[in-house]
Amino acid sequence: MPELPEVTVIVNSLNKKIKGLILESVEYDWPRKFFWGNYSIKDLKGVKVTSVDRKGKVVLIEVSKGTKGAKGTKGAKDITILIHLKLTGQLIYQDAKTRVAGGHPIPPLNLPSPNKTTRVIFAFTNGGHLYFNDLRKFGWVKIVSSNKYQVSSAIGELGPDALEISFREFSERLEKKPNARIKKLLMDQSFVSGVGNIYSDEGLWRAKIHPARSVASLSDAEVKALYDGIQESLKLAIDKGGSSANSFVDSGGEKGLFLTFAKAYYMIGKPCSRCGTPIARKKMDGRSAHFCPSCQKLK
DNA sequence: CACTTGACCTGTCCGC
DNA sequence: TGCGGACAGGTCAAGT
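Per this note's numbering, the very first residue in the first sequence carries number 16; after that it's consecutive.
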């Protein structure tokens with residue numbers, strides 16, 4: 016799932032479900048991708064979840080050891096659990112009453128957890144569990160102190176959030192990279208954060224821009240259309256997934272929800288919904304770009 | 001330097 | 001049915 020809309024949806028769901036819960040234990044069989052920093056596993060026992068957040072595609076679970084002090088100061092005891100889902104990560108919370116799931120649709124999000132892709136299990140004192148499943152083991156978990164420096168160095172360099180960036184800032188940042196190919200730049204997290212292969216394809220389709228175009232070749236109107244196209248496709252995806260996390264599971268079978276609104280991504284050979292030309296896929300910069308060869312011309 | 005390629009992992013699907 | 005190769009919602013390190 017690892018793009019902004021999917022991360023946003025699961026973060027919103029988790030915020031409703033695990034805020035206030037107390038961690039009982041953490042189990043993992045995945046030392047290679049589990050970074051404790053200065054902490055150890057016992058530092059998480061008894062901590063309380065204070066919020067679940069998102070930066071780019073990274074999930075942040077804020078926890079606190081303190082006994083709810085009167086002052087709202089962030090003490091040294093606050094810890095941030097960072098989770099990156101990479102290509103095939105999933106986060107699933109379930110307890111006796113509820114279940115929320117988000118992430119990559121393979122294996123199906125309704126498959127019971129733990130299962131063979133389960134890498135980390137966070138157990139809470141209410142009997143609920145948060146499972147981090149990741150088929151390909153590309154994802155990671157980092158445990159750091161909740162201060163700006165620690166958190167941002169663990170995440171890496173991030174540009175403005177794709178949902179929050181203004182059109183003005185978007186176009187100003189583009190101007191600094193005239194030679195970049197537009198699709199590659201959109202997926203660069205230090206340029207804007209949150210956009211990956213799906214939403215770069217979707218945004219470019221909406222703007223009728225070929226993914227291999229250079230930034231310098233884009234007209235002002237095209238830059239505006241691209242900005243709008245990205246905003247629209249991100250928001251549409253959040254809406255589709257946001258009504259209920261379970262719709263992720265139900266609506267698209269194993270392929271997941273996104274196929275129900277994708278215009279270009281994964282639509283290889285299907286008619287473009289604007290002009291009927293079959294959608295093409297081409298390898299570009301190491302990734303598959305999906306586009307309409309007729310609407311999105313390489314000038 | 002900038003840019004490209006490989007590596008990280010495991011699984012599915014498609015063609016012969 | 002079996003086997004090989006391509007491919008996968010991401011990112012970093014190493015090589016050129």
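Where a beta carbon is used, it is the ideal one built from N, C-alpha and C, also for glycine.
1) Excluding five sequence neighbours on each side, which residues of the same chain lie with their C-beta closer than 6 angstroms to the C-beta of residue 92?
2) Where residue 114 and residue 34 are concerned, what is the direct C-alpha to C-alpha distance, given to the nearest angstrom?
3) According to DSSP, which residues form a beta bridge with residue 302?
4) Pick from 205, 172, 224 and 254: whose alpha carbon is nearest that of residue 240?
5) Give me the Cα-Cα distance between residue 140 and residue 109, rounded to the nearest whole angstrom.
6) At a cut-off of 8 angstroms, would you count residue 239 as near the ligand FMN, judging by its Cβ distance to the nearest heavy atom?
7) Around the C-beta of residue 23, are 16 or more other C-beta atoms found within 10 angstroms, so that it is buried, or is it exposed?
8) Would you list the residues sitting across from residue 95 in a DSSP beta bridge?
9) Is it true that the segment 148-162 meets the segment 96-108, where meeting means three or more beta-carbon pairs spaced less than 8 angstroms apart?
10) Using the Cβ count rule (16 or more neighbours within 10 Å means buried), how would you classify residue 193?
11) For the beta strand (DSSP E) that contains residue 38, what are its first and last residues?
12) How is residue 226 classed by DSSP in three states: helix, strand or coil?
13) Quick check on this structure: which residue in 142, 164 and 69 has the alpha carbon closest to the alpha carbon of residue 177?
14) Provide the residue span of the alpha helix (DSSP H) that contains residue 30, from first to last.
15) Note down, in chain order, each residue of its chain lying with its Cβ closer than 8 angstroms to the Cβ of residue 36, except the 5 sequence neighbours on either side.
16) I need the boundaries of the alpha helix (DSSP H) containing residue 183, first residue and last residue.
17) Can you list, in chain order, the residues of its chain with a C-beta nearer than 6 angstroms to that of residue 228? Leave out the 5 residues immediately preceding and following it.
18) Cutting at 7 angstroms between CB atoms, please list the residues of its own chain near residue 111, excluding the five before and the five after it.
19) Is residue 84 helix, strand or coil by DSSP?
20) Can the beta-carbon of residue 29 be found less than 9 angstroms from the beta-carbon of residue 74?
21) Distance, Cα to Cα, residue 39 vs residue 21?
22) For the alpha helix (DSSP H) that residue 198 lies in, which residues bound it at each end?
23) Can you name the start and end residues of the beta strand (DSSP E) that residue 359 belongs to?
24) Enumerate in chain order the residues of its own chain whose CB-to-CB distance from residue 78 is below 8 angstroms, with the five nearest sequence positions on each side excluded.
25) Pick out whichever of 309, 301 and 302 has its Cα sitting closest to the Cα of residue 286.
26) How is residue 111 classed by DSSP in three states: helix, strand or coil?
27) Identify the continuous beta strand (DSSP E) that holds residue 67 and give its terminal residues.
28) Note the first and the last residue of the continuous alpha helix (DSSP H) segment covering residue 58.
29) What residues are listed by DSSP as bridge partners for residue 135?
30) For residue 234, list the residues DSSP reports as bridge partners.
31) Determine, using beta carbons only, whether residue 18 and residue 252 come nearer to each other than 9 angstroms.
Per the coordinate set shown:
1) So the list reads 80 and 81, once near-sequence residues are dropped.
2) In a straight line, the C-alpha of residue 114 is about 15 angstroms away from that of residue 34.
3) Residue 302 is bridged to 299.
4) Ranking 205, 172, 224 and 254 by Cα distance to residue 240 puts 224 first.
5) Each residue's Cα considered, the two are about 13 angstroms apart.
6) What this structure holds is no ligand at all, so the ligand FMN is not there to describe.
7) Under this definition residue 23 is a buried residue.
8) Answer by DSSP bridge pairing, in chain order: 77 and 159.
9) Contact check between the segment 148-162 and the segment 96-108: three or more CB pairs, one atom from each, fall below 8 angstroms, which counts as touching.
10) Result: exposed.
11) Here the beta strand (DSSP E) through residue 38 covers 38-43.
12) Under the three-state reduction of DSSP, residue 226 is assigned to coil, being neither helix nor strand.
13) Out of 142, 164 and 69, 69 has the C-alpha closest to the C-alpha of residue 177.
14) According to the DSSP assignment, residue 30 belongs to the alpha helix (DSSP H) that extends over 19-33.
15) The residues are 63, 64, 139, 140, 141 and 143.
16) Membership of residue 183 in the alpha helix (DSSP H) is indicated by the continuous run 182-190.
17) Excluding positions up to five away in sequence, the list reads 197.
18) Here the set comprises 142.
19) Unreliable placement is indicated for residue 84, whose pLDDT of 46 sits below 50; the coordinate value is still reported in the next sentence. The DSSP-derived three-state label of residue 84 is coil.
20) Remark: C-beta atoms of residue 29 and residue 74 approach each other more closely than 9 angstroms.
21) Taking the straight line joining both Cα atoms gives about 27 angstroms.
22) According to the DSSP assignment, residue 198 belongs to the alpha helix (DSSP H) that extends over 197-202.
23) The shown model of the chain, from 16 to 314, leaves out residue 359, and the question about it has no answer.
24) Around residue 78: 38, 59, 62, 63, 64, 65, 93, 94, 95 and 96.
25) Nearest C-alpha to residue 286: 309.
26) The answer is coil: DSSP assigns residue 111 none of H, G, I, E or B.
27) Residues 63-70.
28) If you look at residue 58, you'll find it isn't in any alpha helix (DSSP H); DSSP assigns it neither H nor E.
29) According to DSSP, which records beta bridges pairwise, residue 135 is partnered with 43 and 147.
30) Per DSSP, none; premise fails for residue 234.
31) Their beta carbons are under 9 angstroms apart, which means residue 18 touches residue 252 by this criterion.
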